[in-house]
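Colleague:
There are 2 protein chains.
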Amino acid sequence: MSDIDLLFLSKNDMDSLNLSLSEIIQTIDQGLIAHGQKKVIMPSKSHLVLDFPNKLFNILKGYVEPVDAAGVKIIGDFHDNYQYGFPSEFAMLNLYDPKTGRPIAIVDATLITWMRTGAVTALGAKYLACDKPRVLGHIGARGTSWYNVRMLDLLFDFEEIRVTSKRPESRERFAAALSAELDREIRVMESTKDTVRDADIIIDASRLLDHQVLVADSDVKPGAHLQAYGAVLSVEPSLPFTVDKFVVDDWNQCKISPYGQFADLVQKGELQDEHVYGEIGEIAAGLKPGRESPTERNLFWHKGFAVSDIMLGMLAVKKAAELGVGTTLRYFTQAQDM
Amino acid sequence: MSDIDLLFLSKNDMDSLNLSLSEIIQTIDQGLIAHGQKKVIMPSKSHLVLDFPNKLFNILKGYVEPVDAAGVKIIGDFHDNYQYGFPSEFAMLNLYDPKTGRPIAIVDATLITWMRTGAVTALGAKYLACDKPRVLGHIGARGTSWYNVRMLDLLFDFEEIRVTSKRPESRERFAAALSAELDREIRVMESTKDTVRDADIIIDASRLLDHQVLVADSDVKPGAHLQAYGAVLSVEPSLPFTVDKFVVDDWNQCKISPYGQFADLVQKGELQDEHVYGEIGEIAAGLKPGRESPTERNLFWHKGFAVSDIMLGMLAVKKAAELGVGTTLRYFTQAQDM
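Going down the list, the protein sequences come from chains A and B. At position 238 of the first sequence the residue is numbered 242 (this note's numbering), and the sequence of numbers has no breaks. At position 227 of the second sequence the residue is numbered 231 (this note's numbering), and the sequence of numbers has no breaks.
#1: Nearest-angstrom Cα distance between G144/B and D208/B?
#2: Could you check how far apart the C-beta atoms of L21/B and V329/B are, in whole angstroms? I think they sit under 8 Å.
#3: Please list, in chain order, the chain B residues whose beta carbon lies closer than 8 Å to that of N98/A.
#4: Output yes if chain B places a C-beta closer than 9 Å to the C-beta of N85/A; else output no.
#5: Confirm, please, whether the CB-CB distance from A325/A to V111/A is below 9 Å.
#6: Is the beta carbon of H51/B sitting closer than 9 Å to the one on S261/B?
#7: So, for F178/A: in the same chain, excluding its five sequence neighbours on each side, which residues have a beta-carbon less than 7 Å away from its beta-carbon?
#8: Please work out which residues of its chain come closer than 6 Å, Cβ to Cβ, to R138/B, disregarding the five sequence neighbours upstream and downstream, and give them in chain order.
#9: From V153/B to F12/B, what does the alpha carbon distance come to, in whole angstroms?
#10: If you pair each beta-carbon of the region 193 to 202 of chain A with each one of the region 272 to 284 of chain A, do three or more pairs fall below 8 Å?
#11: Kindly say whether Y88/B, judged by its beta-carbon, lies nearer than 9 Å to any beta-carbon of chain A.
#12: Taking the alpha carbon of R120/B as the reference point, which residue from F250/B, T31/B, K292/B and C258/B has its own alpha carbon closest?
#13: Roughly how many whole angstroms lie between the Cα atoms of D267/A and K225/A?
#14: Helix or strand or just coil, what does DSSP make of D7/A?
#15: If you reduce the DSSP assignment to three classes, tell me which class K292/A lands in.
#16: Spatial neighbours of V247/A within its chain, please: C-beta separation below 6 Å, excluding the five flanking residues on both sides.
#17: Given 8 Å as the limit, is there contact between the region 56 to 71 of chain A and the region 79 to 95 of chain A, that is, 3 or more CB pairs closer than that?
#18: Give me the subset of the region 315 to 338 of chain B whose CB atoms are less than 8 Å from a CB atom of chain A, sorted by chain position.
#19: For T117/B, which option in K323/B, A289/B, G80/B and A220/B has the closest C-alpha, if you only look at C-alpha atoms?
#20: Distance cutoff 9 Å, beta carbons only. Does H142/B sit that close to anything in chain A?
#21: Assuming contact is defined by CB atoms lying nearer than 9 Å, are S242/A and D214/A in contact in what I supplied?
#22: From the beta carbon of H51/A, is the nearest beta carbon of chain B less than 9 Å away?
#23: Just the C-alpha distance for E240/A and V217/A, rounded to the nearest angstrom, thanks.
#24: Nearest by alpha-carbon distance to D19/A: which of T114/A, D161/A, V68/A and D7/A is it?
#25: Looking at Y131/B and G264/B, is the spacing between their C-beta atoms short of 9 Å?
#26: Can you pull the chain A residues whose beta carbon is under 9 Å from the beta carbon of D112/B, in chain order?
#27: Cα separation between G290/B and H39/B?
#28: According to DSSP, simplified to helix, strand and coil, what is H39/A?
#29: Can you name the residues of chain A whose CB is closer than 8 Å to the CB of T104/B?
#30: Under a Cβ-count criterion, where at least 16 other Cβ atoms within 10 Å of its own Cβ denotes burial, should F245/A be classed as buried or exposed?
#31: Would you list the one or two residues that DSSP bridges to L13/B?
#32: Out of Y67/A, R188/A, D9/A and I37/A, which has the shortest C-alpha to C-alpha gap to D253/A?
#33: A180/A: buried (16+ other C-beta within 10 angstroms of its C-beta) or exposed?
#34: Using DSSP with H/G/I as helix, E/B as strand and the rest coil, what is Y100/A?
#35: Any beta-carbon of chain B closer than 9 Å to the one on G66/A?
#36: State the DSSP-derived secondary structure class of N256/B, mapped to helix, strand or coil.
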């Protein structure tokens, strides 16, 4: 019998850890490599849908051998939360000792989700974009976008960054924040077409309620790298079939989880195993080549997976211990089996 | 923008709420009725299996209209935890506002799981056992068993209570605790056969690692009510087919979740829709009759569902507010969409 404590890290605690963009990217890369090397256990995410696509929870779970931790993230996707001044995604990550199932930490994962999604975006581009991409076209202005653009620019130092989003006030606010942070010009575009046409890297982080084509097949030039990861199809449905490489994060999850950008195509049986070049982890682990020619058009679909959350959650727990950040909660006094 | 707090209830906090057995049973009954009336959203539980059946997590999620709350419970099932002096099931329940996905509480659900399982056991017997059952035969001595026996005895005031479990020290300890609590004789049996034979109510709360027959078909007398809910088949596999009524808690979940007492029979296609009389919620809601004759043999398989956890979690949150129990955590300061 012994007391059991666990660590609580709030959104503010997470902010105060000041994780650097580069250490986040490096940590997420280690997770991708572990995934590619099959050193993870990760069933598909599951869902609790109150009102699709407006009100749902996604539940991600996994185990990552290199950090010897299991974790479960519960993340809301509530499209109308901006009306309350809330983020659309509240997320919490529970981390566990895989020997006993004892919880070791409860970590705000709102920030983790933004960070790890941005890092996967950046790493996707690292492995799949052309050498020295000049122009980034970015659709979307929510939490993940803030990390996408900064991490991509850290890797590539673009000549031109174009951003757009549905609501003028959100794209203006987003561009102003980016411009101040990166100390450079950010072009705010009114149309998605002007944003993405002939860009070297196109990131579609939109969150539609109904299918619309924000990225046409013809807007993706030879040599371009495209990513699209919204819950609703927002690019031309031909794209997974016409690109030279279609890469996913976890194909098993893509086949099981019924939501996400190309999920309908998978469910209908049109998008099949044969269309998938590989998983980003296989490329990160060096098991498959990434981009192979300057004119290659490729597309990376990431639904997001628990491995990334667990990697960043464990980094946060380690940092928090070093810095004395967080609240220690007494979970059990004198734990025992009844 | 506003600050967001949430309530943390530890195992000790849960203990200090002193929820009465009768209010727990009543609350769980309301959940069963809501389930029967289809006033819930409840996809199947899902699983993160590290090493079956020794090390896994079960993840239960749902929404319950009458209490207007969504919830996700993550519960470990780590068979060897007694070696560390730990409960085999550490569990945490997150409760959410279904309008925004905002977390409202993180509640230890180790106790909730024991309580709600005991209450479902008791309610199953209330609807399906014979009038004035005299003899209870109970297999198992872990957390849920402690609630099973006390709640059943509250409803039925048995003439004879027999208990057994695999390890002599655990059954002796269990019986001594029960005897002190109920101020009555508890018969400790060495064999499962002697425990269950000719009992009016047979509860098999065993946790096997491999299939064994602890309850033979012939030990279930006419008029007996049987429940079996371990993760591994522990009763004679003929039973779902030979009883007069085979009742489940949620048939959809029984078909999807691949673990539990009769799951193999379902997966193999042997146990089918036609064999299921109904769900306990339909009986609780008065949509189908429970027991219909004194000689009816019936079997209730409950895998456990999120509706029960959410009902009891919301009761705990309400009680905690009344009593000033728990720790308020600042989750977000000045929440906003980024």
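Idealized CB from N, CA, C, for every residue including glycine. This structure is a prediction, so every number in the text was calculated from the model and none was measured.
Modeller: According to the data block:
#1: 7 Å
#2: 6 Å
#3: I78 and M96
#4: yes
#5: no
#6: yes
#7: A145, S149, V167 and S169
#8: E163 and D204
#9: 29 Å
#10: no
#11: yes
#12: T31/B
#13: Per the sequence presented here, residue 267/A reads as Ala, with Asp not at that position. Taking the straight line from one Cα to the other gives about 24 Å.
#14: strand
#15: coil
#16: R301, N302 and L303
#17: yes
#18: T331, L333, R334, Y335, F336 and T337
#19: G80/B
#20: no
#21: no
#22: yes
#23: 5 Å
#24: T114/A
#25: no
#26: Y335 and F336
#27: 12 Å
#28: helix
#29: G80, F82, N85, Y88, F90 and F94
#30: exposed
#31: V111/B
#32: I37/A
#33: exposed
#34: strand
#35: yes
#36: helix
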